[in-house]
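Chemist: Just remember that our numbering sits 4 ahead of the position in the sequence shown, which is counted from 1.
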Amino acid sequence: MNIEEQSERTEFVFIKRQDLKEELRLLMTETISEYKQEKIWITAKEAMALLAIKSATTLQMLRNTGKIEFSQPMKKLILYKKSSVLEYLEKHSRKTW
5 MNIEEQSERT
15 EFVFIKRQDL
25 KEELRLLMTE
35 TISEYKQEKI
45 WITAKEAMAL
55 LAIKSATTLQ
65 MLRNTGKIEF
75 SQPMKKLILY
85 KKSSVLEYLE
95 KHSRKTW
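1) In its own chain, which residues sit with a C-beta less than 6 Å from the C-beta of E73, not counting the 5 before and 5 after it?
2) Assuming A48 contacts I82 (C-beta within less than 8 Å), just tell me the rounded distance between them.
3) Do K71 and Y92 come within 8 Å of each other at the CB atom, strictly closer than that value?
4) For S59, report the span of its beta strand (DSSP E) as first-last.
5) Can you tell me whether DSSP reads E85 as helix, strand or coil?
6) Measure the CB-CB distance between S75 and W45 and report whether it falls below 8 Å.
7) My output table needs one value for I72: the three-state DSSP class, helix, strand or coil.
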């Protein structure tokens with residue numbers, strides 16, 4: 005038997021049902037986590053929710069004064085850097101008594 009014939013042989017592997025379920029669960033968890041990677045840029049609505057503000061004017065003021073970073077890839081689309089919004093919240097947090 006030459007090398008080509010060996011590589012074409014079918015190999016059967018037996019595994020317990022519970023072990024198969026566990027392997028599939030781990031594979032699915034890894035796959036889902038890859039797709040759920042944290043977003044870098046968020047919409048105005050998401051930024052306002054993080055900041056717990058209801059006014060777009062307040063968000064604009066934070067943007068205009070340079071307190072949070074933003075990007076404007078299109079004329080009517082403004083995105084906010086999530087880490088910048090979180091840093092702003094952290095900077096303005098107060099220690100409890």
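Ideal placement from N, C-alpha and C gives every residue a C-beta, glycine not left out.
Modeler: Here's the rundown:
1) K85, S88
2) 6 Å
3) yes
4) Note, S59: premise wrong, no beta strand (DSSP E); not H, not E.
5) In the sequence under discussion, the amino acid at residue 85 is Lys, which differs from the Glu named in the question. Residue state, collapsed to three classes: strand.
6) yes
7) coil
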